[in-house]
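Here is the structure we will look at.
Protein chains in written order, with the working numbering: chain L, 1482 to 1791; chain Z, 1482 to 1791.
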């Protein structure tokens, strides 16, 4: 009898729930908007209904393995509370895990979405066959996830892997976290928009628009390419630290800024090569690569959790 | 029948070899100078003779567990070669492990000395009972070691844990490793000497002397305390990155600069508190502490290797 698991990717905008088989085949996916405005109880009810639908549908013919849920926030592993979740304002200090389990009558595994995405890539994406890796997700902020010896590295309280808060410039831009010069202040989509403003390229340019500008000749193209050079160098500084500390075989990048890869990657790799002797000593073994599952990484990673975290 | 293991701490200056029982009791220790000038073969012969002496002495009454050797360099785990060993110039790219095993007729476990020291603290020192920790050894440079889930984290090729090369100032002092602003360029004994020179405190002051100056009133004391403030802040920047990435319960500091703890610790902890939200979220769970085994950490850690790495 084949097995299946349920994966949930609960985003601030989209809610996606999937039944996935043990070999990673997507059996069915339910997508909807996350109706954040109607409050957490509505969202959780909605999610639990879809989960029940899928478990009932596939439970007759397949062995049910469990439910993994990726949440955009820091999860306190001891209490199952969401401690920090910028896009889900009323979820803070709310016993999410307990509430879901009460409704479903079964255990669920909660996971930070960046960790889940890293695990998804390890299972079915660019990290297949690699046991130790980390992933930086370049979006509005910079999320981080780490897989160590095939499992998510949570640290002591579930807060590990906050790689977006590596300081790449101790006197740099002040971050909401209290630090200065956090990677996410210098290499996120938000940072790209801010740099474009500073360089008088435009007031509210998206990273997509700055990527398109970078393809042009002339002054605007030049400025846009400078922005991507800075992004690459900042990523390079952070990656050099990670490579020197971890000596992992694989460092993945994902998120909405990947289209501009061709513009920032050369600067990133040059900076890593200059700054990390470990990278220079392992030129063929240390890989910095694009994630391949895109938005699906977190969903698959969540579905993989019941197989490895039980 | 009690068991014992042999630990070796092969330093650029001292060679120490010990027989240690399973509960960490030192059975016997042989100390000598490392006669580097006579070449690697002489040193290895000398070491192997002492190892044989100890195994013969204790092997009659106790079960022999194995031999662990801490070496001041980066060890290629695949080949057993020492790739980088500043204080043992002719050891580079020499098959150390193979040569020792050939002489002794038995397997040995080679380990980087900073890793061994971290493991020693985990076994019998400030890290007892802690499964995940890292240690910064503040000496001429800044060494790093990491224990993850009770074992040394080597990374892919044995180069993990180079925490002295975390960039604390990307535009800072150029390091021999190619990076700029490496922690060890800003928070080692060498850095303290350089800062003292820059501040016209003295040409070749040791960190011990700068520590003693810091206890004085007047301008010299003021300057010396400024140096320790900078050291503390630089350590704080690096520790904030480590805490955000790892979420470990314990970060140890060891080495020849610990006497000045009272002068740099307040600035280090203040900086960590300002810069790491993970630290602020786990004020009672995240510990930054002094190592307690001093020079013996590496020796004990080496002796512990045969028990856990087999």
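Every residue gets a Cβ at the ideal spot worked out from N, C-alpha and C, and that includes glycine.
* To do: Output, in chain order, the set of chain Z residues within a Cβ distance shorter than 9 Å of residue 1516 of chain L.
  => Here the premise fails: no neighbours, minimum Cβ distance about 29 Å.
* Give the C-beta separation of residue 1752 of chain L and residue 1714 of chain L to the nearest angstrom, bearing in mind that I take them to be a contact with Cβ-Cβ under 8 Å. => 5 Å
* **Rounded distance between the beta-carbons of residue 1536 of chain Z and residue 1524 of chain Z, thought under 8 Å** => Not confirmed; about 19 Å, so no contact.
* Reduced DSSP secondary structure (H/G/I, E/B, other) of residue 1482 of chain Z -> coil
* Hey, is residue 1735 of chain L's beta-carbon within less than 9 Å of any beta-carbon in chain Z? -> no
* Asked: Hey, is residue 1650 of chain L's beta-carbon within less than 9 Å of any beta-carbon in chain Z?
  -> yes
* Can you find a C-beta in chain L that's less than 9 Å from the C-beta of residue 1708 of chain Z? -> no
* To do: Between the Cα of residue 1689 of chain L and those of L/1700, L/1698, L/1706, spot the shortest distance and give me the residue it belongs to.
  => L/1706
* Roughly how many angstroms lie between the CA atoms of residue 1596 of chain Z and residue 1701 of chain L, to the nearest whole one? -> 50 Å
* Opposite residue 1628 of chain Z in the DSSP bridges: which residues? -> Z/1614, Z/1633
* Take residue 1529 of chain L and list the residues in its own chain whose beta-carbon comes closer than 8 Å to its own, dropping the five residues that flank it on each side. => 1581, 1584, 1585
* **Beta-carbon gap between residue 1654 of chain L and residue 1677 of chain L smaller than 9 Å** => no
* Report all residues from its chain with a CB closer than 6 Å to the CB of residue 1710 of chain Z; omit the five preceding and five following residues, and keep chain order. => 1748
* Asked: When the distance is taken between beta carbons, is residue 1592 of chain L closer than 9 Å to residue 1759 of chain Z?
  -> no
* Applying the criterion that 16 or more other CB atoms from any shown protein chain within 10 Å of the CB defines a buried residue, is residue 1618 of chain Z buried or exposed? -> buried
* Using a beta-carbon distance below 9 Å, is residue 1634 of chain L in contact with chain Z? -> yes
* **Cβ distance (whole Å) where residue 1732 of chain L is taken to contact residue 1605 of chain L below 8 Å** => With a Cβ gap of about 18 Å, residue 1732 of chain L and residue 1605 of chain L do not count as contacting.
* Return yes when the Cβ of residue 1636 of chain L is within less than 9 Å of the Cβ of residue 1785 of chain L, no when it is not. => no
* To do: Show which residues of chain L have a CB atom less than 8 Å away from the CB atom of residue 1755 of chain Z.
  => 1659, 1660
* Specify, as a first and last residue, the run of the alpha helix (DSSP H) that residue 1511 of chain L falls within. => From DSSP, residue 1511 of chain L is part of no alpha helix (DSSP H) but of the beta strand (DSSP E) over 1507–1514.
* **Contact with chain L by residue 1744 of chain Z, beta-carbon distance below 9 Å** => no
* How long is the line joining the alpha carbons of residue 1534 of chain Z and residue 1565 of chain Z, rounded to whole angstroms? -> 29 Å
* For residue 1790 of chain Z, return the contacting residues in chain L, with the cut-off set at a CB-CB distance below 9 Å. => Correct list: empty, because the minimum Cβ distance to chain L is about 15 Å.
* Asked: My guess is that residue 1694 of chain L and residue 1682 of chain L are in contact by the Cβ rule of under 8 Å, so how many angstroms apart are they, rounded?
  -> 7 Å
* Residues of its chain near residue 1725 of chain L, where Cβ-Cβ distance is below 7 Å and the 5 sequence neighbours each way are ignored -> 1757, 1759
* To do: Assuming residue 1740 of chain L and residue 1718 of chain Z form a contact by the criterion Cβ under 8 Å, report the distance between their Cβ atoms to the nearest whole angstrom.
  => About 33 Å; that fails the 8 Å criterion.
* Would a C-beta distance cut-off of 9 Å place residue 1517 of chain L and residue 1558 of chain L closer than the cut-off? -> no
* Asked: What do you reckon, are the CB atoms on residue 1613 of chain L and residue 1543 of chain L nearer than 9 Å?
  -> no
* Asked: What residue does the alpha helix (DSSP H) around residue 1780 of chain L start on, and which one ends it?
  -> 1777–1789
* Could you give the distance in angstroms between the alpha-carbon of residue 1624 of chain L and the alpha-carbon of residue 1549 of chain L? -> 19 Å
* Which whole-angstrom value describes the C-beta separation of residue 1532 of chain Z and residue 1489 of chain Z, a residue pair presumed to lie in contact below a C-beta threshold of 8 Å? -> 7 Å
* Asked: Contact check, residue 1673 of chain Z vs residue 1691 of chain Z under 8 Å by CB: the rounded distance?
  -> 5 Å
* Where residue 1547 of chain L and residue 1553 of chain L are concerned, what is the direct C-alpha to C-alpha distance, given to the nearest angstrom? -> 20 Å
* For residue 1578 of chain L, which residues of its own chain have a beta-carbon under 7 Å away from its beta-carbon, when the five flanking residues on both sides are left out? -> 1561, 1589, 1591
* Excluding the 5 residues preceding and the 5 following residue 1658 of chain Z in the sequence, name in chain order all residues of the same chain whose CB lies nearer than 6 Å to its CB. => 1646
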